[in-house]
Amino acid sequence: MSKARIIEAVKTLDLESAKALLDARPSLLTVTDRRGLNLLHLACSASCEDLKISEAVSARTVNLLRESARLKASRKRGKRFLAAL
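With numbering that gives the first Met the number 0, the residue at position 58 of the sequence shown is 57, and numbering never jumps.
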């Protein structure tokens, strides 16, 4: 269910819901839809005109997903570094 919720939140550029879902379950960052599109692809392809929202909301959603991906990658590098010690 969370997979469907994160996909819907990103497709509709619901930034607050997407952030809450990712905070609760960071593993949702790797979700893909049936076509294999990841969340960043879905956010970038959302139509601001159809959703009647500003492009700024779309950009903030994309930035949130990008930052979440960076944090996840940073945590993995940190764990590998600590394991090497």
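Each residue gets a CB set at the ideal place from its N, CA and C atoms; glycine is no exception.
| Item | Value |
| --- | --- |
| Exposure of threonine 60, with buried meaning 16 or more beta-carbon neighbours within 10 Å | buried |
| Reduced DSSP secondary structure (H/G/I, E/B, other) of threonine 60 | helix |
| Collapsed DSSP secondary structure at threonine 31 in the structure displayed | strand |
| Spatial distance of glutamate 12 from alanine 72 (CA atoms) | It is leucine, not glutamate, that sits at residue 12 in the sequence shown. Looking at the two C-alpha atoms, the distance is approximately 23 Å. |
| Residue interval of the alpha helix (DSSP H) (run including alanine 3) | 1-10 |
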